[in-house]
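So our numbering is basically just the index in the sequence shown, starting at one, shifted up by 269.
Have a look at the structure below, then the notes.
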Amino acid sequence: MGTTQQAYQRIQVPFLEEFRERMLDGRKTATTRTKRFGKVGDVFDAFGELFWISDVQAVKLFDVADLEFSAEGFEDPDAFLEVWDRLHPRVKHNLDRVVYLHRFEVLE
270 MGTTQQAYQR IQVPFLEEFR ERMLDGRKTA TTRTKRFGKV GDVFDAFGEL FWISDVQAVK
330 LFDVADLEFS AEGFEDPDAF LEVWDRLHPR VKHNLDRVVY LHRFEVLE
């Protein structure tokens, strides 16, 4: 988190068990949500590790699928959108929808 002291909040960010390995081995370094879950510097627990949010951006879902699928821990955009649709069955993947991309790192 750098050398400067910043106030942070400990927040709750839920993750499915299927993301455990990808988060712990560093393949998943971002999560996209329909609302903002925190701000830069906030921390959360997941799978026995502490993570900190390094960036939050409002972006279109298209941009996440097209450019950020690997940061989400997926091999390709279709795999990302398949899981998105499963997690958001009522809204599916409206690619013009504004979503919040949260980048995170393991806190050491």
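We treat Cβ as the ideally placed atom computed from N, Cα and C, and that holds for glycine.
| Query | Result |
| --- | --- |
| So if DSSP puts L319 in a beta bridge, which residue, or which two residues, is it bridged to? | D314 |
| For Q278, I'd like the list of residues in its chain whose CB is within less than 6 Å of its CB, leaving aside the five on either flank, ordered along the chain. | D311 |
| Would you identify the three-state DSSP class for A348, choosing helix, strand or coil? | helix |
| Going by DSSP in three states, D354 sits in which element: helix, strand or coil? | helix |
| Closer than 8 Å is the cut-off here; do at least three beta carbon pairs connect the segment 362-372 with the segment 301-321? | yes |
| Could you give the DSSP three-state label for E287: helix, strand or coil? | helix |
| For the putative contact between P346 and A334, defined by C-beta atoms under 8 Å, what is the C-beta separation to the nearest angstrom? | 4 Å |
| Evaluate G342 with the Cβ neighbour count: other Cβ atoms within 10 Å of its Cβ, from every protein chain shown; 16 or more gives buried, anything less gives exposed. | buried |
| Return the first residue and the last residue of the beta strand (DSSP E) that L370 is part of. | 367-375 |
| Please classify F316 as buried or exposed, where buried requires at least 16 other C-beta atoms within 10 Å of its C-beta. | exposed |
| Specify the secondary structure class of V333 as computed by DSSP and reduced to three states. | helix |
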